[in-house]
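Okay, structure first, notes after.
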Amino acid sequence: MADLDDIREGKDWGLGTPAKNEPFFLKGSEGLDWGMKSRLARIFNPVSGRTVMLAFDHGYFQGPTTGLERIDLNIVPLAPYADVLMCTRGVLRSSIPAACGKSVVLRCSGGNSILSEL
């Protein structure tokens with residue numbers, strides 16, 4: 002053991018080396034915790050700081066939406082061209098293949114519709 006044998010290398014704790022504070026590529030995200038940065042890194046491109054988000058959660062809060070009647074026919078073929086899918090839990094489970102491999106932004110909100118008073 003380094004302490005018992007008085008080995009000098011074992012007592013070098015790097016006190017003269019400052020801790021590295023790696024900058025995060027997404028503007029305004031420097032103060033976020035590791036978990037949030039990890040999730041944002043799955044959504045945003047680290048080179049450009051941008052993303053292509055395919056949002057098809059409109060039927061949840063706007064009611065029936067033209068073009069979103071059959072998610073499996075309209076949206077699934079577009080998924081390879083997006084960085085992230087924005088949808089509801091039901092659409093994700095019923096229409097999006099598990100092997101899609103895309104990041105997901107899942108809609109969860111307190112109200113269910115803009116069509117009526119809450």
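With my numbering applied, the sequence shown covers 2 to 119. Just so you know, even glycine gets a beta-carbon here, dropped at the ideal spot from N, CA and C. Keep in mind the model is a prediction, meaning the values are calculated, not measured.
C-alpha distance - residue i paired with residue j, whole-angstrom precision
{"i": "N75", "j": "M54", "result": "15 Å"}
{"i": "G17", "j": "P78", "result": "55 Å"}
{"i": "S96", "j": "K103", "result": "14 Å"}
{"i": "G64", "j": "R94", "result": "19 Å"}
{"i": "F26", "j": "A83", "result": "20 Å"}
{"i": "N46", "j": "P81", "result": "15 Å"}
{"i": "R71", "j": "P24", "result": "42 Å"}
{"i": "D34", "j": "R90", "result": "26 Å"}
Residue i burial status per 10 Å Cβ neighbour count (16 or more: buried)
{"i": "L107", "result": "exposed"}
{"i": "V92", "result": "buried"}
Strand pairing of residue i, partner residues [DSSP]
{"i": "C88", "result": "L107"}
{"i": "A56", "result": "M87"}
Inter-residue CB distance, residue i and residue j (contact presumed, cutoff 8 Å)
{"i": "F57", "j": "C88", "result": "6 Å"}
{"i": "K38", "j": "S30", "result": "6 Å"}
Sequence-distant residues of its chain with Cβ nearer than 6 Å to residue i (five each side left out)
{"i": "I44", "result": "T52, V85 and S104"}
{"i": "G50", "result": "F26 and L27"}
Same chain only: Cβ atoms within 7 Å of residue i, ignoring 5 sequence neighbours per side
{"i": "G68", "result": "N75"}
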